[in-house]
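Peer 1: My numbering numbers the first residue of the sequence shown as 16 and each following residue consecutively.
In this text, a Cβ means the ideal position worked out from N, Cα and C, and glycines have one as well.
If you're wondering where the values come from, they're calculated on a predicted model, not measured in any experiment.
One structure, pasted below without further comment.
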Amino acid sequence: MELSSGFYGRSNPHMLSTSGGKAMGKLIEATHEPAGVEINMKPVLDIVEDIFERATPAAPGAIMQVDASESDERALHYSSLEQMVDVLSATINRISCEITYRLSIGEDAHSTTLAVAQIVKGYSWDAKIVLALAAFAMTYGEFLLVVQLYATNPLAKDVALLKQLPEILTRADLLKPKFDILANLINAMVVVAKCTVEFKGLPSKYIRPEDPELSSANADIPSAVYWTIRSTVICSSQIMGLINMGHDLTHNINSIYNDLVEKLNRCRQRINERKDIEAFETLVRLFDAIHIDNMKILKALIYAKDDQPPLWDGTTKQRVSIELLRRRSVLLLISDLEISEKELIILEQIYNESRVQPTRIESQYEVIWIPIVDRSTTFDDTKRKQFESLQAMMPWYSVGHPSMIQPAVMRYIKEVWGFNKKPLLVVLDPQGRVANPNAMPMMFIWGSMAFPFSKLREEALWKEETWRIELLADSIDPSIINWLTDRKFICLYGGEDMNWIRKFTTTAKAVAKTANIELEMLYVGKSNPRERVRRNMTNIELENLSHTLSDISLIWFFWVRLESMWHSRAQHGVTVRNDLIMQEILTMLGFDGSDQGWAVISRGADEMARAKAETFLKSLEEYTAWEAAAAEKGFIPALNDHFRSLRTEHHCNRLTLPGISVAEIGSIKDTVVCVDCGKPMEALLMFRCCTD
Numbered sequence: 016m017e018l019s020s021g022f023y024g025r026s027n028p029h030m031l032s033t034s035g036g037k038a039m040g041k042l043i044e045a046t047h048e049p050a051g052v053e054i055n056m057k058p059v060l061d062i063v064e065d066i067f068e069r070a071t072p073a074a075p076g077a078i079m080q081v082d083a084s085e086s087d088e089r090a091l092h093y094s095s096l097e098q099m100v101d102v103l104s105a106t107i108n109r110i111s112c113e114i115t116y117r118l119s120i121g122e123d124a125h126s127t128t129l130a131v132a133q134i135v136k137g138y139s140w141d142a143k144i145v146l147a148l149a150a151f152a153m154t155y156g157e158f159l160l161v162v163q164l165y166a167t168n169p170l171a172k173d174v175a176l177l178k179q180l181p182e183i184l185t186r187a188d189l190l191k192p193k194f195d196i197l198a199n200l201i202n203a204m205v206v207v208a209k210c211t212v213e214f215k216g217l218p219s220k221y222i223r224p225e226d227p228e229l230s231s232a233n234a235d236i237p238s239a240v241y242w243t244i245r246s247t248v249i250c251s252s253q254i255m256g257l258i259n260m261g262h263d264l265t266h267n268i269n270s271i272y273n274d275l276v277e278k279l280n281r282c283r284q285r286i287n288e289r290k291d292i293e294a295f296e297t298l299v300r301l302f303d304a305i306h307i308d309n310m311k312i313l314k315a316l317i318y319a320k321d322d323q324p325p326l327w328d329g330t331t332k333q334r335v336s337i338e339l340l341r342r343r344s345v346l347l348l349i350s351d352l353e354i355s356e357k358e359l360i361i362l363e364q365i366y367n368e369s370r371v372q373p374t375r376i377e378s379q380y381e382v383i384w385i386p387i388v389d390r391s392t393t394f395d396d397t398k399r400k401q402f403e404s405l406q407a408m409m410p411w412y413s414v415g416h417p418s419m420i421q422p423a424v425m426r427y428i429k430e431v432w433g434f435n436k437k438p439l440l441v442v443l444d445p446q447g448r449v450a451n452p453n454a455m456p457m458m459f460i461w462g463s464m465a466f467p468f469s470k471l472r473e474e475a476l477w478k479e480e481t482w483r484i485e486l487l488a489d490s491i492d493p494s495i496i497n498w499l500t501d502r503k504f505i506c507l508y509g510g511e512d513m514n515w516i517r518k519f520t521t522t523a524k525a526v527a528k529t530a531n532i533e534l535e536m537l538y539v540g541k542s543n544p545r546e547r548v549r550r551n552m553t554n555i556e557l558e559n560l561s562h563t564l565s566d567i568s569l570i571w572f573f574w575v576r577l578e579s580m581w582h583s584r585a586q587h588g589v590t591v592r593n594d595l596i597m598q599e600i601l602t603m604l605g606f607d608g609s610d611q612g613w614a615v616i617s618r619g620a621d622e623m624a625r626a627k628a629e630t631f632l633k634s635l636e637e638y639t640a641w642e643a644a645a646a647e648k649g650f651i652p653a654l655n656d657h658f659r660s661l662r663t664e665h666h667c668n669r670l671t672l673p674g675i676s677v678a679e680i681g682s683i684k685d686t687v688v689c690v691d692c693g694k695p696m697e698a699l700l701m702f703r704c705c706t707d
């Protein structure tokens, strides 16, 4: 059957315009009389899509191979749809017959489309599209069966003869371009149908018809229904007559799809936003509630998907169930993928030491790494390798994949626990309650001895402490314990000026020999140690100037422990004005903030002296001036007296407190005072890029 090009509407460009499309939508809306029966059309659409996939045009006589297991699976799926198809089959057949009849008498596509719209007037918008597609899928599937079996099956050959198809079927060169255009239009119709079905399935709990994202889409759907039904009519005419069909209609359907999918994505975004708000509020309520164990909390924090165990055991290198942590104290190590290797090395050392005697009370905790990864950027191979590399370094548990940390959980971690790039160690007790929103300072100061890492435990530990060399440095080098036991004088010193280091260590050794004291010196460099500190360590060892730490990461740890002490004391409301330990902590941090070297010398629990490079070196060089006092009072009290005699009114102290946000500066600036004069220090914001 030959139909004129006017049948397709190509001669009327207004129909394909936006305003023309809206007008066609109004015509469909006028026929819409929903009967109030809701039918899930997705299973029917699945069948339709399956027909189109299986009926891909091949050369006449080519036999399609079907995997037996796939066939059995689909048969099982279809058996559950028989009842639904029984209900809809009469309507589908009626649409097919209506299109065939009207095409056979030469009626135009527009009138045929409106006739089909009358048949489906009682159905929902998504059902109208799917039913029209199903009717065409029957026609298309039957036709392709004849095409595929024509050369080998006598029955198919006879049917082709009655349909007047033999001539065209022998010309594969003529068949392919026609079916290419047809396939493009079919694909366009299917994706539009999927969009409308998905719109219908959007959860009303999270998006309402009056929401602008959905109301805008609902206004366009009648037009999409019109053009999809019209496309099935034209595709049917193509099958019946195998005549030429232009690209205008495919372009129009694709435009409708692009518009709908954009609005669908906006709806999905709004739904996800509302789901995240609901999940966040649920999480807040969950943490406020009382639980018999920690399972509800842990399962809310870590989203288990695909029925896989959600945790990765860093020791056994396999997936494990979260149930292993029931009623255990759990430390959540929260960080992004930029957590430093130095931090992991120190945490691993502390963790491994706690596992040496697993029955000790200090060992009764587990750690889970919670990676916070920005979802606005793609989790590509680079990030995957970065995640896996960090995960491989950790002997404790971690989530199987960063996607297991949902947006609402990330929001809770940032807003409630205050995560902002700097790693946190949030402590959950066996009932899932937050015992400490950040135990990282406790872990760095006391290691596993701080168990159960609660605020009460932190207060108790501080009550036992005084400012002494053990608090300052006993965890960075095992030799310090031996030196303390032997009642030796211990000198820690730092800075980057190698010339001063040579003068200071040589002079200190000479004075110790003169004073007849046993002196051990240890170089602790500077915070954020770089290549210059590394070179200094090498030179000190080669020239046998003093002891050095076994690894440069221990220098970083020395300074981060001091910073942790400041954070810990500050959280308990302690200030420089009322606390000796805080004064000494800030003095040490001030030493590090200066461009000079420094040194501190100690013996026993109650004797300690410290000063900047010039003052300390000058005092040692002037030893003869206070030698008699040293013999009378003791070396360190006499040294402190000499430091005081050299003190002048002029001073310039700088203090760097890493990890302090701009928002926090206002709340702490009144508590940070100069250790020399007691005046409040001026707060400045510093940005630094430092390379050796």
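1. Which value, in whole angstroms, describes the spacing of the CA atoms of residue 356 and residue 569?
2. Comparing C-alpha positions only, which one of 379, 114, 577 sits nearest to residue 253?
3. Enumerated in chain order, which unbroken segments of the beta strand (DSSP E) with a length of 3 residues or greater are wholly contained in the region 527–573?
4. Identify every run of the alpha helix (DSSP H) within the region 129–214, keeping only runs that are complete inside it and at least 4 residues long; order them along the chain.
5. Is the region 554–574 in contact with the region 486–499, if contact means three or more CB pairs nearer than 8 Å?
6. Touch check for the region 382–401 and the region 344–359: three-plus C-beta pairs under 8 Å?
7. Pick out whichever of 125, 103, 166, 634 has its Cα sitting closest to the Cα of residue 135.
8. By Cβ distance below 8 Å, which residues in the same chain neighbour residue 363 in space, the five residues on each side in sequence not counted?
9. Nearest CA to the CA of residue 250: which residue from 527, 571, 154?
10. Around the C-beta of residue 635, are 16 or more other C-beta atoms found within 10 angstroms, so that it is buried, or is it exposed?
11. Pick helix, strand or coil for residue 86, following the three-state DSSP scheme.
12. Measuring CA to CA, which of 622, 628, 576, 649 is closest to residue 358?
13. On the DSSP bridge list, what partners appear for residue 442?
14. Could you check where the beta strand (DSSP E) with residue 328 kicks off and where it finishes?
15. I need the boundaries of the alpha helix (DSSP H) containing residue 364, first residue and last residue.
16. Below 8 Å, can you find three or more Cβ-Cβ pairs linking the region 223–238 to the region 263–283?
17. In its own chain, which residues sit with a C-beta less than 6 Å from the C-beta of residue 161, not counting the 5 before and 5 after it?
18. Just checking my contact of residue 618 with residue 504 at CB under 8 Å: how many whole Å lie between their CB atoms?
19. Report yes or no: do three or more beta-carbon pairs, one from the region 537–544 and one from the region 499–519, lie closer than 8 Å?
20. Flag this pair as yes or no: are the beta carbons of residue 461 and residue 599 separated by less than 8 Å?
21. The alpha helix (DSSP H) that contains residue 597, what's its start and end?
22. Work out the CA separation of residue 422 and residue 441 for me, nearest whole Å.
23. Is DSSP giving residue 314 helix, strand or coil here?
24. Could you say which of 450, 63, 108, 580 lies nearest to residue 456 if we only look at CA atoms?
25. State yes or no: is the beta carbon of residue 339 nearer than 8 Å to at least one beta carbon in chain D?
26. Keeping to the same chain, check which residues put their C-beta closer than 8 Å to that of residue 126; ignore five residues upstream and five downstream.
27. Return helix, strand or coil for residue 435, following the three-state DSSP convention.
28. What residues in its chain sit with their C-beta under 8 Å from that of residue 323, if we drop five residues either side in the sequence?
29. In the DSSP output, which residue or residues are listed as bridge partners for residue 386?
30. Within 10 angstroms of its Cβ, does residue 50 collect 16 or more other Cβ (buried), or is it exposed?
31. Quick check: residue 201 and residue 147, are their CB atoms within less than 8 Å of each other?
32. Measure from the alpha carbon of residue 596 to the alpha carbon of each residue in 435, 140, 534, 582, then state which is nearest.
Peer 2: Taking the definition as stated:
1. As a first step, residue 356 is located in the sequence shown; it is residue number 341 there, counting from the start. As a first step, residue 569 is located in the sequence shown; it is residue number 554 there, counting from the start. Computed Cα separation, rounded: 12 Å.
2. By one-based count along the sequence shown, residue 253 stands at place 238. Checked all of 379, 114, 577; the closest Cα to residue 253 is 114.
3. Note on the region 527–573: whole beta strand (DSSP E) runs with a minimum of 3 residues are 534–538, in chain order.
4. Correct list: 140–164, 169–177, 181–184.
5. Contact between the region 554–574 and the region 486–499 is established, with three or more Cβ pairs separated by less than 8 Å.
6. The region 382–401 is in contact with the region 344–359.
7. For the purposes of this step, residue 135 is identified with residue 120 of the sequence shown, where counting begins at 1. Looking only at 125, 103, 166, 634, the smallest Cα-Cα distance to residue 135 is reached by 103.
8. Taking the sequence shown and counting its residues from 1, the one referred to as residue 363 is at position 348. Excluding positions up to five away in sequence, the list reads 408, 409, 410.
9. Sequence index remark: in the sequence shown, residue 250 carries index 235 (1-based). When each option's Cα is compared against that of residue 250, the closest is 154.
10. Walking along the sequence shown from the start, residue 635 turns up at place 620. Per the 10 Å Cβ criterion, buried.
11. Start at 1 with the first residue of the sequence shown, and residue 86 comes out as number 71. Summary for residue 86: the model assigns pLDDT 46, below 50, so the residue's position carries little reliability; its value from the coordinates is reported in the next sentence. Helix.
12. Here the question's residue 358 lines up with position 343 in the sequence shown. Here the closest residue by C-alpha is 576.
13. Your numbering for residue 442 matches position 427 in the sequence shown. Looking at the DSSP assignment, residue 442 forms a beta bridge with 346, 451.
14. The residue given as residue 328 occupies position 313 in the sequence shown. Taken as a continuous stretch (DSSP letters only), the beta strand (DSSP E) holding residue 328 covers 326–328.
15. Your numbering for residue 364 matches position 349 in the sequence shown. Under the DSSP assignment, residue 364 falls in the alpha helix (DSSP H) whose first and last residues are 356–370.
16. The region 223–238, when compared against the region 263–283, does touch it at the 8 Å Cβ threshold.
17. Position 146 of the sequence shown, counting from 1, holds the residue named residue 161. Counting only Cβ-Cβ distances below 6 Å, and skipping sequence neighbours, we find 171, 174, 175.
18. Translated into the one-based positions of the sequence shown, residue 618 becomes position 603. Translated into the one-based positions of the sequence shown, residue 504 becomes position 489. About 5 Å; that satisfies the 8 Å criterion.
19. Taking a cut-off of 8 Å on C-beta distances, the region 537–544 touches the region 499–519, as three or more cross pairs fall below it.
20. Locating residue 461 in the sequence shown gives position 446, where the first residue counts as 1. Locating residue 599 in the sequence shown gives position 584, where the first residue counts as 1. No Cβ-Cβ contact shorter than 8 Å links residue 461 with residue 599.
21. For this step, residue 597 is matched to residue 582 along the sequence shown. For residue 597, the enclosing alpha helix (DSSP H) starts and ends at 595–608.
22. What you label residue 441 is simply residue 426 of the sequence shown in a count that begins at 1. What you label residue 422 is simply residue 407 of the sequence shown in a count that begins at 1. One Cα belongs to residue 441, the other to residue 422, and the distance between them is close to 18 Å.
23. Translated into positions along the sequence shown, residue 314 becomes position 299. Three-state DSSP puts residue 314 in a helix.
24. Locating residue 456 in the sequence shown gives position 441, counting from the first residue. Per the Cα distances, 580.
25. Absent here is chain D; the protein component of the structure consists of one chain.
26. Mapped onto the sequence shown, residue 126 falls at position 111. Answer for residue 126: 117, listed in chain order.
27. Taking the first residue of the sequence shown as 1, we reach residue 435 at position 420. Note: residue 435 maps to strand in three-state DSSP.
28. For the purposes of this step, residue 323 is taken as the residue at position 308 of the sequence shown. Short of 8 Å from the beta carbon of residue 323, and not among the five residues preceding or following it, lie these beta carbons of its own chain, in chain order: 334, 415.
29. Position 371 of the sequence shown, counted from the first residue, corresponds to residue 386. Beta-bridge analysis with DSSP links residue 386 to 350.
30. On the sequence shown, residue 50 is found 35 positions in, with the first residue counted as 1. By the beta-carbon neighbour count (other beta carbons within 10 angstroms, threshold 16), residue 50 is exposed.
31. Against the sequence shown, residue 201 aligns to sequence position 186. Against the sequence shown, residue 147 aligns to sequence position 132. No, the Cβ-Cβ distance between residue 201 and residue 147 is not below 8 Å.
32. Taking the first residue of the sequence shown as position 1, residue 596 is located at position 581. Looking at 435, 140, 534, 582, the one whose alpha-carbon comes closest to that of residue 596 is 582.
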